[in-house]
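Asks: Here it is: the structure, laid out below.
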Amino acid sequence: MNRPKPGGVPYGQIIKTCKDPGMVALTFDDGPFQYTGRLLDTLKNNGGIHATFFVNGKNAGDLNDQAMKDVLKRMMADGHQIGSHAFSQKSLSPLSETDKISEMVKLEDALQGIVGKKPTYMRPPNLECNGQCMKLMGRMGYHVIGENLDTHDWENVSNMQVSKDIVSKAVDGADSKKNNYIVLAHDIHEATVEQLAKHMIDKFKEKGYRCKLPP
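So, in structure tokens, the structure goes:
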């Protein structure tokens, strides 16, 4: 499977930073879920910020549900980027090549049917993608997105202040003229949507960062 590779963004290799200093890419994994719509509201109501959502076909939510389909359609309408997190959130590295392709293509087909577009950006489930996996993602025409600021929100759902502090410490100790961030969070957690998202937006704006899509 060798797909076209237009543009200058690398394919089949991990991208952990934005292209320019002063930029921040907010990325959210594992959705869509029941809280994602509220996150879309927050992004829209705070300057129309565009984020990237690395979605699954069947994880916390299920793309067979009309409500989840509607959330994806709103993402597109609001100008967000929809990326692949594989269909069922399985780590890709241990899978056979056939099963890796199946995980990716099954989600591609689902998204094509819902929003009329297949993703070209992906984040490996659990950030696990060995050399063979990376080569395959490259052949399949995927830009592979990592992170350089992990909020660890999934570990702190009962005390989101910990994740807020992770973000604040990173940003307060950096220079927006030199640094940039690809931030990892998860829209399947209510505390992320209700507490962390606005904190991140306010903190990055305070320090002079501009939100963009990766890279």
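In terms of UniProt numbering, the sequence shown opens at residue 1 and continues consecutively.
Glycine included, every Cβ here is placed at the ideal spot set by N, Cα and C.
Can you tell which of Thr-192, Phe-54, Leu-136, Val-193 has its C-alpha closest to the C-alpha of Leu-111?
Replies: Per the Cα distances, Phe-54.
Asks: For a test of the three-state rule: what should DSSP assign to Gln-34, helix, strand or coil?
Replies: Three-state result, Gln-34: coil.
Asks: Quick check on Asn-180: buried or exposed, where buried means 16 or more other Cβ atoms within 10 Å of its Cβ?
Replies: Counting Cβ neighbours within 10 Å, Asn-180 comes out buried, since at least 16 surround it.
Asks: Give every residue of the same chain whose Cβ lies closer than 8 Å to the Cβ of Arg-3, excluding the five residues on either side of it in the sequence, and list them in chain order.
Replies: So the list reads Arg-139, Met-140, Gly-141, once near-sequence residues are dropped.
Asks: Quick one: Cα of Gly-131 to Cα of Pro-10, how far?
Replies: Each residue's Cα considered, the two are about 15 Å apart.
Asks: Could you pull the start and end residues of the alpha helix (DSSP H) that Ile-82 belongs to?
Replies: Counting along the chain, Ile-82 falls outside any alpha helix (DSSP H), though it belongs to the beta strand (DSSP E) covering 81 to 84.
Asks: Where does the unbroken alpha helix (DSSP H) through Leu-184 begin, and where does it stop?
Replies: From DSSP, Leu-184 is part of no alpha helix (DSSP H) but of the beta strand (DSSP E) over 181 to 186.
Asks: Is DSSP giving Lys-58 helix, strand or coil here?
Replies: Note: Lys-58 maps to strand in three-state DSSP.
Asks: Going by DSSP, what residue range makes up the alpha helix (DSSP H) through Val-24?
Replies: Counting along the chain, Val-24 falls outside any alpha helix (DSSP H), though it belongs to the beta strand (DSSP E) covering 23 to 29.
Asks: On the three-pair Cβ rule with 8 Å, is the region 81 to 95 touching the region 118 to 129?
Replies: Flag = yes, the region 81 to 95 and the region 118 to 129 touch.
Asks: Which value, in whole angstroms, describes the spacing of the CA atoms of Asp-165 and Ile-15?
Replies: If I take the Cα positions, the gap works out to 25 Å.
Asks: Can you list, in chain order, the residues of its chain whose CB lies under 7 Å from that of Asp-20, leaving out five sequence neighbours each side?
Replies: Cβ neighbours of Asp-20 beyond the five flanking positions: Asn-180.
Asks: Can you name the residues that DSSP bridges to Cys-211?
Replies: Its beta-bridge partners are Val-24.
Asks: Buried or exposed: Glu-103, going by 16 or more other Cβ atoms within 10 Å of its Cβ?
Replies: Result: buried.
Asks: From Ala-185, Lys-178, Cys-18, Tyr-209, pick the residue whose C-alpha is nearest to that of Glu-155; which is it?
Replies: Of the listed residues, the one whose Cα sits closest to Glu-155 is Ala-185.
Asks: Is it buried or exposed for Lys-117, if we count other Cβ within 10 angstroms and need 16 for buried?
Replies: Classification of Lys-117: exposed, given that the 10 Å Cβ count is below 16.
Asks: Between which two residues does the alpha helix (DSSP H) harbouring Ile-101 extend?
Replies: First-last of the alpha helix (DSSP H) with Ile-101: 97 to 115.
Asks: Measure the C-alpha to C-alpha separation of His-189 and Leu-39 and round it to an integer number of angstroms.
Replies: Roughly 10 Å between the two C-alpha positions.
Asks: Less than 8 Å separating the beta-carbons of Leu-196 and Gln-81?
Replies: Their beta carbons are not under 8 Å apart, which means Leu-196 does not touch Gln-81 by this criterion.
Asks: Give the range of the beta strand (DSSP E) segment to which Val-144 is assigned.
Replies: Where Val-144 is concerned, the enclosing beta strand (DSSP E) stretches over 143 to 145.
Asks: Using the DSSP secondary-structure output, state which residues sit across from Thr-52 in a beta bridge.
Replies: For Thr-52, which the question treats as bridged, DSSP gives the partners Thr-27, Gln-81.
Asks: Output yes if chain B places a C-beta closer than 8 Å to the C-beta of Phe-54; else output no.
Replies: In the structure shown, chain B cannot be found, because there is only a single protein chain.
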